[in-house]
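What follows is one structure encoded as structure tokens, with my remarks underneath.
There are 2 protein chains.
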Amino acid sequence: MIANPSVQVIKETPSTALIDGGGGLGQPIGVRAMRLAIEKAREAGAGFVAVRNSNHYGIAGYYAIMALDSDCIGVSMSNASPLVVPTFGRKGVLGTNPISVAAPAGQERPFVLDMATSVVPRGKLELYHRLVKPLPEGWAINERGDASTEAGTILNELSERLGGGILPLGGEGEELGGHKGYGLALMVDILSGVLSGGGYADRVHPKGEGGKMKPGNVGHFFGALLIEAFRPLDEFRAAMDDLIRRLKRSAKAEGESRIYIQGEKEWEMEEERRKHGIPLHPRVVTMMERIAEELNLPLILDNP
Amino acid sequence: MIANPSVQVIKETPSTALIDGGGGLGQPIGVRAMRLAIEKAREAGAGFVAVRNSNHYGIAGYYAIMALDSDCIGVSMSNASPLVVPTFGRKGVLGTNPISVAAPAGQERPFVLDMATSVVPRGKLELYHRLVKPLPEGWAINERGDASTEAGTILNELSERLGGGILPLGGEGEELGGHKGYGLALMVDILSGVLSGGGYADRVHPKGEGGKMKPGNVGHFFGALLIEAFRPLDEFRAAMDDLIRRLKRSAKAEGESRIYIQGEKEWEMEEERRKHGIPLHPRVVTMMERIAEELNLPLILDNP
Numbered sequence: 456m457i458a459n460p461s462v463q464v465i466k467e468t469p470s471t472a473l474i475d476g477g478g479g480l481g482q483p484i485g486v487r488a489m490r491l492a493i494e495k496a497r498e499a500g501a502g503f504v505a506v507r508n509s510n511h512y513g514i515a516g517y518y519a520i521m522a523l524d525s526d527c528i529g530v531s532m533s534n535a536s537p538l539v540v541p542t543f544g545r546k547g548v549l550g551t552n553p554i555s556v557a558a559p560a561g562q563e564r565p566f567v568l569d570m571a572t573s574v575v576p577r578g579k580l581e582l583y584h585r586l587v588k589p590l591p592e593g594w595a596i597n598e599r600g601d602a603s604t605e606a607g608t609i610l611n612e613l614s615e616r617l618g619g620g621i622l623p624l625g626g627e628g629e630e631l632g633g634h635k636g637y638g639l640a641l642m643v644d645i646l647s648g649v650l651s652g653g654g655y656a657d658r659v660h661p662k663g664e665g666g667k668m669k670p671g672n673v674g675h676f677f678g679a680l681l682i683e684a685f686r687p688l689d690e691f692r693a694a695m696d697d698l699i700r701r702l703k704r705s706a707k708a709e710g711e712s713r714i715y716i717q718g719e720k721e722w723e724m725e726e727e728r729r730k731h732g733i734p735l736h737p738r739v740v741t742m743m744e745r746i747a748e749e750l751n752l753p754l755i756l757d758n759p
Numbered sequence: 456m457i458a459n460p461s462v463q464v465i466k467e468t469p470s471t472a473l474i475d476g477g478g479g480l481g482q483p484i485g486v487r488a489m490r491l492a493i494e495k496a497r498e499a500g501a502g503f504v505a506v507r508n509s510n511h512y513g514i515a516g517y518y519a520i521m522a523l524d525s526d527c528i529g530v531s532m533s534n535a536s537p538l539v540v541p542t543f544g545r546k547g548v549l550g551t552n553p554i555s556v557a558a559p560a561g562q563e564r565p566f567v568l569d570m571a572t573s574v575v576p577r578g579k580l581e582l583y584h585r586l587v588k589p590l591p592e593g594w595a596i597n598e599r600g601d602a603s604t605e606a607g608t609i610l611n612e613l614s615e616r617l618g619g620g621i622l623p624l625g626g627e628g629e630e631l632g633g634h635k636g637y638g639l640a641l642m643v644d645i646l647s648g649v650l651s652g653g654g655y656a657d658r659v660h661p662k663g664e665g666g667k668m669k670p671g672n673v674g675h676f677f678g679a680l681l682i683e684a685f686r687p688l689d690e691f692r693a694a695m696d697d698l699i700r701r702l703k704r705s706a707k708a709e710g711e712s713r714i715y716i717q718g719e720k721e722w723e724m725e726e727e728r729r730k731h732g733i734p735l736h737p738r739v740v741t742m743m744e745r746i747a748e749e750l751n752l753p754l755i756l757d758n759p
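Chains A and B supply the protein sequences, listed in that same order. The first sequence maps to residues 456 to 759 in the working numbering. The second sequence maps to residues 456 to 759 in the working numbering.
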């Protein structure tokens, strides 16, 4: 990990800490904070660390998974730029605010929940935009608050902060539980932004005068629970295996052959990629070639 | 609180505890466990308590709200009888597994998220059944795994454990994020059931031979975070007020006049009920009259 002298532990108790990220990169700040949460869990049973003054921290699940090697359950959350509309609203005020929780199993792969609290993360809209595909109904609304399937319009309105945005998990209104997804996003903002003293809602990546960049002031929230503080680890692992198998063995919907556990698709993808490599889009390769040229460095790819 | 000698603290660390409920009523067990979580948070910064061998604990939010008086953020979760189908399944294997998180504000009312991790709780199906109303699409599937709007059929299949059930938050399949609601339900089961050594999935309220009653072995998970362990309480309260106001002031969808904060509708209902009393359904009054007669006690109602 790159040492960053501006990352500071501001406050500590036996099972909590507050970290100021000094406006640095989210990833090393996140690793430092998660390590501290795990350390505290190993000593006090539970460890929770709030972080302010950080930036985008990448994959929420990465930090939750860090807890597994220390026989802990891991928790990771972050707020983000305002994109998600509250129930009955028509302007993105909250981030896609992800939640990740990871727990080890025995023979089975670890459970890794890693979810945006919106119907979809922002990246999904960008993908549909690039593929010139209409969005599925129920993902987003436009500036006027109407359901929209035009990814380009939504993304443009979002970047201009005109309004519109991604719907919370559960969708529009309350009938299918949209107020729950909205509540989860708000919970993440409280733990990551308010508790840490960082940005929250549209104060994350705020637009300065004339669109000038201001500090992102992204907030994160990390946690670890030592399993042995509650019950013997081998018992926990055996019960996790049993729970996972009960789910996987249960009756399938017509036309479906498999019930997944959160993280399973990604663990399998990782195995596949480790065996056969990571396919790169030709445009990504071109970009990397250009950067390599600029820096006068060789570009080493297995199958260019 | 009623003292229950069979409620036992099995294991403790500075910031965690495991409680065995001795098969008693969920409510007094829950109060005892939440008090312990708050006590630990006040001493160590964070307190988390897992409970096994309990029963239905009532309102998840009740316990989360208990933390507010101690200037803590409160967390409460519980598993429950199997009713909710995993993504791509067609049998209720998980409970409606509620999550509640409460956080104090300053001038504004506290934030209280209290949500089933399914689209709707079981009670909503019972209500529609009693009113002989078709369910909205997207709430439940029947034994064959098809979308169903017949509350009676679903409830009957559920009680017979034939299959079918309530959909997770996000609905059927993955397009609108059903795998996220399923993941949240599973997370609650891991924290409440697996971590505590209690029941989980269809081992909660298991059907014995010949349908005989067996212990429910319901599990709960409680937590408290001391706000002052992270930042001064008055700063936290002021930031909560500001966050709440930013949400409430943001642009409304067409035809909507108000954006709510989680718990707000219920706080207002409580004020209304304290002023004007709680209306009772005539059938409930009849039931209470019968019980009063049986016990030879007077029934005292304000407006019988």
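Note that CB positions come from ideal geometry on N, CA and C, so glycine has one too. Just so you know, these numbers come straight off a predicted model, no measurement behind them.
Subject >> Simplified DSSP state of A/I474, which is helix, strand or coil >> reply: strand
Subject >> Straight-line gap, B/G550 to B/H660 (C-alpha atoms, nearest Å) >> reply: 10 Å
Original post:
Can you list the residues of chain A that B/S533 reaches, using a CB-CB cut of under 7 Å?
Top reply: Going along chain A, no residue has its Cβ under 7 Å from B/S533, so there is no contact; the nearest lies around 16 Å.
**OP:** With a 10 Å radius around its C-beta and 16 neighbouring C-beta atoms as the bar for buried, classify A/K635 as buried or exposed.
**Re:** buried
Original post:
Under 8 Å, do B/G476 and B/Y518 count as touching if we go by C-beta distance?
Top reply: no
**OP:** Determine the direct distance from the alpha carbon of A/T468 to that of A/L491, and round the result to whole angstroms.
**Re:** 11 Å
Original post:
A/A679 and A/I493: beta carbons closer than 8 Å?
Top reply: yes
Original post:
How is the alpha helix (DSSP H) around B/Q482 delimited, first residue to last?
Top reply: 481-499
**OP:** Determine the extent of the beta strand (DSSP E) in which B/H675 is found, giving its start and end residues.
**Re:** 673-681
Subject >> Three-state class that DSSP yields for A/I446 in the structure shown >> reply: Past the boundaries of the shown model lies residue 446 of chain A; chain A is included only from 456 to 759, so the question cannot be answered.
**OP:** Would you kindly report the start and end of the unbroken alpha helix (DSSP H) that includes A/T608?
**Re:** 606-614
Original post:
Do you know how far the Cα of A/G600 is from the Cα of A/G481?
Top reply: 33 Å
Subject >> Cβ-based neighbour list, A/R616, same chain, cut-off 7 Å, excluding 5 preceding and 5 following >> reply: K662
Subject >> Among B/I520, B/S536, B/V504, nearest to B/K669 - alpha-carbon criterion >> reply: B/S536
Original post:
Does the beta carbon of B/M815 sit closer than 8 Å to a beta carbon anywhere in chain A?
Top reply: In the structure displayed, chain B extends from 456 to 759; residue 815 of chain B sits before or after that span and is not available.
**OP:** Please decide whether A/Y655 counts as near chain B, where near means a Cβ-Cβ distance under 8 Å.
**Re:** yes
Original post:
Less than 8 Å separating the beta-carbons of A/A496 and A/L613?
Top reply: no
Subject >> Rounded separation between B/M521 and B/R564 - CA only >> reply: 15 Å
**OP:** Identify each residue in the region 638-650 of chain B for which the Cβ-Cβ distance to at least one residue of chain A is less than 9 Å, and report them in chain order.
**Re:** G638, L639, L641, M642, D644, I645, L646, G648, V649, L650
Subject >> Buried/exposed call for A/I733, threshold 16 Cβ in 10 Å >> reply: exposed
**OP:** Over the uninterrupted beta strand (DSSP E) stretch that includes B/I554, give me the two end residues.
**Re:** 554-558
Original post:
Which value, in whole angstroms, describes the spacing of the CA atoms of A/P759 and A/L752?
Top reply: In this prediction, A/P759 scores a pLDDT of 49, lower than 50, which makes its location untrustworthy; no coordinate-derived value is stated.
Original post:
Where A/D689 and A/S712 are concerned, what is the direct C-alpha to C-alpha distance, given to the nearest angstrom?
Top reply: 30 Å
Subject >> For A/V506, three-class secondary structure by DSSP >> reply: strand
Original post:
Since A/A656 contacts B/L698 with CB under 8 Å, what's their CB separation in whole angstroms?
Top reply: 6 Å
Original post:
Which one of A/E683, A/K703, A/S555 has the shortest CA to CA distance from B/L650?
Top reply: A/E683
Subject >> Opening and closing residue of the alpha helix (DSSP H) in which A/M642 lies >> reply: 633-644
**OP:** Compute the beta-carbon to beta-carbon distance between B/A595 and B/G620, rounded to the nearest angstrom, for a pair I have assumed lies under 8 Å.
**Re:** 7 Å
**OP:** Answer yes if the region 553-573 of chain A comes into contact with the region 525-543 of chain A, meaning at least three C-beta pairs across the two stretches below 8 Å, and no otherwise.
**Re:** yes
**OP:** Say whether chain A places a C-beta atom closer than 8 Å to the C-beta of B/A606.
**Re:** no
Original post:
Going by alpha carbons, who is nearest to A/K546 out of A/E630, A/N597, A/V464?
Top reply: A/N597
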